[in-house]
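In my numbering, the protein residues as written are 24 to 128. Idealized CB from N, CA, C, for every residue including glycine. None of these values were measured; they are calculated from a predicted model.
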Ligand SMILES: [Zn+2]
């Protein structure tokens, strides 16, 4: 019997997220601004710019599983106080933006 299970292919174009849309997402889901590790609220540095010419889009990290071709696409932001790196599922953000288009950014 042939196994027809398909593995998703990573295409960066599937995860284009404008910085403004990412901020709207964080506000909509009520993400806390206090760092879960140090408890401070000194802001977060969001990784942006998949290429040097455009920093208006959130950087997407492809987190490959240890075996096979499966992956988890994530956005990353760093606590300005302690350096803790918070990751957010790019799939969740993309789905939310699709349901809540801005049209402004
Ligand atoms: Zn922190």
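Going by the DSSP bridge assignment, what does residue i pair with across the sheet?
{"i": "residue 101", "result": "68, 108"}
{"i": "residue 81", "result": "71"}
{"i": "residue 115", "result": "Note: residue 115 sits in no beta bridge, so no partner."}
Which value, in whole angstroms, describes the spacing of the CA atoms of residue i and residue j?
{"i": "residue 45", "j": "residue 80", "result": "9 Å"}
{"i": "residue 86", "j": "residue 94", "result": "5 Å"}
{"i": "residue 54", "j": "residue 84", "result": "20 Å"}
{"i": "residue 66", "j": "residue 31", "result": "34 Å"}
{"i": "residue 72", "j": "residue 107", "result": "20 Å"}
{"i": "residue 56", "j": "residue 49", "result": "9 Å"}
{"i": "residue 69", "j": "residue 120", "result": "18 Å"}
Count the other CB atoms within 10 Å of the CB of residue i; is the residue buried (16 or more) or exposed (fewer)?
{"i": "residue 98", "result": "buried"}
{"i": "residue 105", "result": "exposed"}
{"i": "residue 124", "result": "exposed"}
On the premise that residue j lies in contact with residue i, defined as a C-beta separation below 8 Å, what is that separation, rounded to the nearest angstrom?
{"i": "residue 100", "j": "residue 109", "result": "5 Å"}
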